[in-house]
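The C-terminal residue of the sequence shown carries number 426 in the working numbering, and the numbering is unbroken.
Every residue gets a Cβ at the ideal spot worked out from N, C-alpha and C, and that includes glycine.
Here the structure is laid out as structure tokens; the discussion comes afterwards.
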Amino acid sequence: MLTLQLKEKTYSRTFSLRNIQMNVEKGRMMLLLGHNGAGKTTMIQSMFGLTPFTGHVSLNGEQMNFHSSAHISLLKKHVSYIPDDHALFDYLTPREYFHLLQLPNEQDVAREETFIDLFELSPYMDQPIAQLSHGNQKKTQIISQLLRPCDYYVFDEPTNGLDPDMMIILRKVLMKLRDQGAGILISTHHLSFGETLYDHLMILRNGDIKLDMSRQETSQTFPHQALEDIYKEVNRDYYMQVERLLNDLDTTRSS
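Given below as structure tokens:
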């Protein structure tokens, strides 16, 4: 299990994350939802020691020390991370970039070829990444982190820049990885993308956990409701204010 125990992360007097525990279990998919600035990316960055916080991260029961090269290597070995921004060596071609990853055996090379075909990157393999479209750069990033089988995959906004075909393919890839036993964490703004994927759902608003439930629990608590309806119900106060503002538009028009 990959666990984040975040006791406190403070940005200002008005916003902080406190007392949050998030578990990514093998063979299960965690879906993390929330508005811009809710704290999703901060939580994910904390899992990799990319931002300071009070708390700890543990991998398969072992607490990680981000000042230990051995622990950093262990985290890299078992966890693949696809961040929101696709910072790449954009002077390289995708082929050169993948070659840097030094795939160790023929099986991994075959895996690379399969992902290149799945994400339709073949025509662009020898073009500089800087000259690729936003979508093809995103596909390059995703493939680069899928090449080596891992115990856990962490995706922060993986659908940004992807067209409908690639979103469908990515969803199928994630389901395949989960079925093969990988634990997966996805943060996304696309509710429809996560609708059929999640085994566990966490919803944040302004640093607070509004919902933390398994799919079975959400089905019992919100029977026959779509993910969008669950999201709005959990954030009822916010959407009541939205409705009041929308009604004000009617008043403004009539006057």
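If contacts are defined as beta-carbon pairs under 8 Å, then residue i and residue j qualify, I think. What distance do you get, rounded to the angstrom?
| i | j | result |
| --- | --- | --- |
| Gly365 | Gly198 | Between Gly198 and Gly365 the Cβ distance is about 17 Å, and since that is not below 8 Å, they are no contact. |
| Leu341 | Asp279 | Incorrect: roughly 20 Å between the Cβ atoms, too far for contact. |
| Phe186 | Gly378 | 6 Å |
| Leu230 | Leu246 | 6 Å |
For residue i, which three-state DSSP category applies?
| i | result |
| --- | --- |
| Met200 | strand |
| Leu435 | For the chain, the structure presents residues 172 to 426; residue 435 sits outside this window and is missing. |
| Asn331 | coil |
| Ser187 | strand |
| Asp205 | The question names Asp, but residue 205 in the sequence shown is Gly. Reduced to three states, the DSSP call for Gly205 is strand. |
| Gln351 | coil |
| Asn418 | helix |
| Gln298 | coil |
| Asn194 | strand |
| Arg386 | helix |
| Tyr410 | helix |
| His371 | strand |
| Glu430 | What the structure shows of the chain is the stretch from 172 to 426, and residue 430 is not part of that stretch, so it cannot be assessed. |
| Glu267 | helix |
| Phe219 | coil |
| Thr174 | strand |
| Ser363 | helix |
| Tyr402 | helix |
| Asp255 | coil |
| Leu356 | strand |
With a 10 Å radius around its C-beta and 16 neighbouring C-beta atoms as the bar for buried, classify residue i as buried or exposed.
| i | result |
| --- | --- |
| Gln308 | buried |
| Leu272 | exposed |
| Tyr262 | exposed |
| Leu175 | buried |
| Lys178 | exposed |
| Ile357 | buried |
| Leu173 | buried |
| Lys347 | exposed |
| Ser385 | exposed |
Looking at the strands, I want to know which residues DSSP matches up with residue i.
| i | result |
| --- | --- |
| Thr392 | DSSP lists no partner for Thr392. |
| Thr225 | Glu179 |
| Gln316 | For Gln316, which the question treats as bridged, DSSP gives no partner whatsoever. |
| Leu230 | Leu173, Glu233 |
Requested in this report: Report yes or no: do three or more beta-carbon pairs, one from the stretch 223-239 and one from the stretch 393-408, lie closer than 8 Å?
Outcome: no
Report task. May I ask you to verify whether the stretch 318-328 touches the stretch 198-216, counting CB pairs closer than 8 Å and requiring at least 3? Result -> yes
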